[in-house]
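2 protein chains.
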Amino acid sequence: MGNDVTLSLDDAGALCRRVLAGVGLSAAHADAVAEVIMAAERDECRSHGLYRLLGCVHTVRSGKVNLDARPTVTKSAPAIVTVDADFGFSSFALKTGLPLAMRTARRLGIAALAINRCFHFSALWPEVEELAEHGFAAIALTPSHSWVAPAGGSRPVFGTNPFAFAWPRRQQPPFIFDFATSATARGDIELMLRAGQALPPGVAIDAQGNPTTDPAEALRGAMLTFGGHKGSALAAMVELLAGPLIGDMLSLESLAFAEGTQTVPCHGELLVILDPSRFLGDRLGENLDRAERLFDAITEQGARLPSERRYNARSRSIDNGIKIPPPLYEELMKLEAAADVAENV
Amino acid sequence: MGNDVTLSLDDAGALCRRVLAGVGLSAAHADAVAEVIMAAERDECRSHGLYRLLGCVHTVRSGKVNLDARPTVTKSAPAIVTVDADFGFSSFALKTGLPLAMRTARRLGIAALAINRCFHFSALWPEVEELAEHGFAAIALTPSHSWVAPAGGSRPVFGTNPFAFAWPRRQQPPFIFDFATSATARGDIELMLRAGQALPPGVAIDAQGNPTTDPAEALRGAMLTFGGHKGSALAAMVELLAGPLIGDMLSLESLAFAEGTQTVPCHGELLVILDPSRFLGDRLGENLDRAERLFDAITEQGARLPSERRYNARSRSIDNGIKIPPPLYEELMKLEAAADVAENV
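Keeping their order, the protein sequence lines are chains A and B.
Just so you know, the UniProt record's numbering puts 265 at position 265 of the first sequence, and the rest follows in order with no gaps.
Just so you know, the UniProt record's numbering puts 235 at position 235 of the second sequence, and the rest follows in order with no gaps.
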């Protein structure tokens, strides 16, 4: 085993964009995707970082993604902004729809941003973080592929169905969480399979519905939700709000749509955007201070805010660059070489 | 021990209204409170049913509730309906604000209903159920009193912070869940203390922050959230959205406001109301059908939908009336006798 390869954020971002352009994504499309991959890599969310670039490339090569996707933004109601992603990646569609969604939330106080027909692989926190940087509170929800059994069941129905939330802070980066409603992330199970590690108990069942700690069995069976019936209820809510409510696929449908290609899921996404300044008017400042008292009550007893670890990683990456394990680096170099060939054809 | 006393829903509701009027609530105020108590009793959610009437009466007698509360409805932004509960019970304020909130959601596609300065004791599911009966999807959130430690912490910060959600169905009663983000209910710990029983592991810590199954130690220490850091993150979101976002108290502040009186908490509540017909237009029907495919995939493997048990109880209560244990019935009779005296003064 060699040593990790260190790259600056700029160099890694450029690599990421070259690889994505090399498989045929338009520049704007590649930029949007690279941005969200690099945000994850920078914050040491490894399963959504450069590792996920491999999945993106595979998805593109499977022929399902529209390389020249042109997201279109419409309003289905005064407070609902809808982006048709045109079968491109979600990050590109989000970037296209966000300005109107933010203007709408600022004007009305609350707005929904629905993204349809997008390929989705990214963490949700970069999306709600951007909204919180603009002073909004926001919730983001997506289904995925049906890998997760409902509480009391034995067969997959739900996706990993992440739930993300951000709250704006004046003197600090936003309060953010982003968790899968599954007991663990699909990406983590894949990483453990690659590393030959056992899963913790309570996160998966095998194809017969029995508990398993074998990542291969888990991938053939079903994952479980976190928190028993409560997590299962939340997972159902994510399916409903980011699926039928916005006229897009359930995780069951999205998996069928992929036709066994192991591509990243194609489905919808819902963001709910709330403007504290419209709820509070001239009481905004005192209530942002009130939120700080909540955060202080958590941190003063030595507990961590959900985003702290990520923000610490971010500082390290900005200062020292990112470290890539040799096997991943080799795969990235192969993709880059293929991109160079493609460019010179 | 005598037998349970059986009352028809009508008779129990009338009893409930007489007791509430007897402690001084205006007729409209008493009607709104009785309605939500009877919904819980009917669905065999006993902790929020007639038993909770005792807590309401105690709260009123403590002098904190405004008996003649006149909730006022305003709009702080086009999509935000705000009800000042005027220190009455939340159910009265909700009833007052709901028509405008529903009209707003129907017109704009999504709306927020913020209730401020209310005493809150009810389950949240009757509130989102009413919205779903009108065709809306809805989320409801409230803080409570700070009894729950954050993940990794040792001291109470959060309330039990319930999270409720409803989805409308055409041929069935709505899909609904309503759960505390704490691992167990405060009332259950008190009951186990009286019964001399040990708590299940993982629901509480003692005053030093160590895990405990001793209910007395737990009441001096803190409850834990469900689902570890994910449940803790959700509890924080509930605090932020139903507290600072709407300019109302944190669970820490609400507990301080109660001044040791053991009254039901006074704080705010947030509802987010989404209109599927505005998201979907003429695709509404096919997407309500799509949601049914999700429910079928859950129930066909023998798993239960979160609201099933309640709906079964409802059928029983409508057919056969409700059964009240003798000790509770005696307390209710005392309250009714006091109400008769009050009426004849």
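Quick reminder that beta carbons are idealized off the backbone N, C-alpha and C, glycines included.
Small disclaimer: the values here were computed from a predicted structure and weren't measured.
| Item | Value |
| --- | --- |
| 4 or more residues per run - each alpha helix (DSSP H) lying fully within the stretch 206 to 231 of chain A | 215 to 220 |
| Delimiting residues of the beta strand (DSSP E) encompassing Arg117 of chain B | 110 to 119 |
| Buried or exposed by the 16-neighbour rule on C-beta atoms within 10 Å, applied to Asn210 of chain A | exposed |
| Leu280 of chain B versus A:Ala34, A:Asn116, A:Asp296, residue with shortest Cα-Cα distance | A:Asn116 |
| Near the ligand FMN: Asp84 of chain B beta-carbon under 7 Å from a heavy atom | Inclusion of the ligand FMN in the displayed structure is not the case, the ligand content being empty and no account of it being possible. |
| Neighbour list for Ile80 of chain A in chain B, Cβ cutoff strictly below 7 Å | Gly109, Ile110, Arg278, Phe279 |
| Contact with chain A by Trp167 of chain B, beta-carbon distance below 8 Å | yes |
| Continuous alpha helix (DSSP H) stretch holding Ile246 of chain B: start and end | Here Ile246 of chain B belongs to no alpha helix (DSSP H), and DSSP marks it neither H nor E. |
| Boundaries (first-last residue) of the alpha helix (DSSP H) holding residue 348 of chain B | No answer is possible for residue 348 of chain B: the residues shown for chain B start at 1 and end at 345. |
| His145 of chain A, DSSP secondary structure in three states | coil |
| Whether Asp206 of chain B touches Arg220 of chain B by CB criterion (8 Å) | yes |
| Neighbouring residues, chain A, relative to Phe226 of chain B (Cβ below 7 Å) | Gly227, Lys230 |
| Chain-ordered chain A contacts of Ala291 of chain B [CB-CB under 9 Å] | Glu239, Leu240, Gly243, Pro244, Leu245, Leu250 |
| Span separating the alpha-carbon of Pro78 of chain A from that of Thr104 of chain A | 8 Å |
| Exposed unless 16 or more other CB atoms sit within 10 angstroms - verdict on Val19 of chain B | buried |
| Neighbour flag for Phe177 of chain A against chain B, beta carbons, 8 Å | yes |
| Where Pro150 of chain A meets chain B, residues with beta-carbon distance less than 7 Å | Ile298, Ala303 |
| Span of the alpha helix (DSSP H), counted from its first residue to its last, around Cys45 of chain A | Careful: Cys45 of chain A lies outside any alpha helix (DSSP H) and carries neither H nor E. |
| Delimiting residues of the alpha helix (DSSP H) encompassing Val19 of chain A | 9 to 22 |
| Test: Pro265 of chain A CB closer than 8 Å to a CB of chain B | no |
| Limits of the beta strand (DSSP E) - the one that Thr82 of chain B falls within | 80 to 84 |
| Arg220 of chain B at chain A interface by Cβ criterion, 8 Å | no |
| Proximity winner among B:Leu241, B:Asp68, B:Cys266, relative to Glu272 of chain A (alpha-carbon distances) | Per the sequence shown, residue 272 of chain A should be read as Val rather than Glu. Val272 of chain A has its Cα closest to that of B:Leu241, out of B:Leu241, B:Asp68, B:Cys266. |
| Straight-line gap, Ala339 of chain A to Gly49 of chain A (C-alpha atoms, nearest Å) | 19 Å |
| Lys95 of chain A classed as buried or exposed, judged by whether at least 16 other C-beta atoms fall within 10 angstroms | buried |
| CA-to-CA distance, Ala34 of chain A to Arg17 of chain A, given in whole angstroms | 6 Å |
| Per-residue burial, Gly260 of chain B [other beta carbons within 10 Å of its own, 16 or more giving buried] | exposed |
| Contact list for Pro99 of chain B against chain A, beta-carbon separation under 9 Å | Neighbours of Pro99 of chain B on chain A: none; closest Cβ ~18 Å, over 9 Å. |
| Reference Leu335 of chain A; option with closest CA among A:Val36, A:His58, A:Glu300 | A:His58 |
| Closer than 8 Å to chain B by CB, Asn287 of chain A | yes |
| When B:Met333, B:Ser317, B:Pro201, B:Phe175 are compared against Asp214 of chain B, the one with the closest alpha-carbon | B:Pro201 |
| Contacts that Ser76 of chain B makes with chain A (C-beta to C-beta distance below 9 Å) | Gly109, Arg278, Phe279, Leu280, Gly281 |
| Supposed close pair Ala303 of chain B, Gly153 of chain A - CB separation, criterion 8 Å | 4 Å |
| Proximal residues of chain A, C-beta to C-beta of Gly153 of chain B below 8 Å | Ile298, Gln301, Gly302, Ala303 |
| Interface residues of chain A facing Val157 of chain B [CB-CB closer than 9 Å] | Leu294, Ala297, Ile298, Gln301, Ala303 |
| N-terminal and C-terminal residue of the beta strand (DSSP E) that Phe179 of chain A is part of | 175 to 180 |
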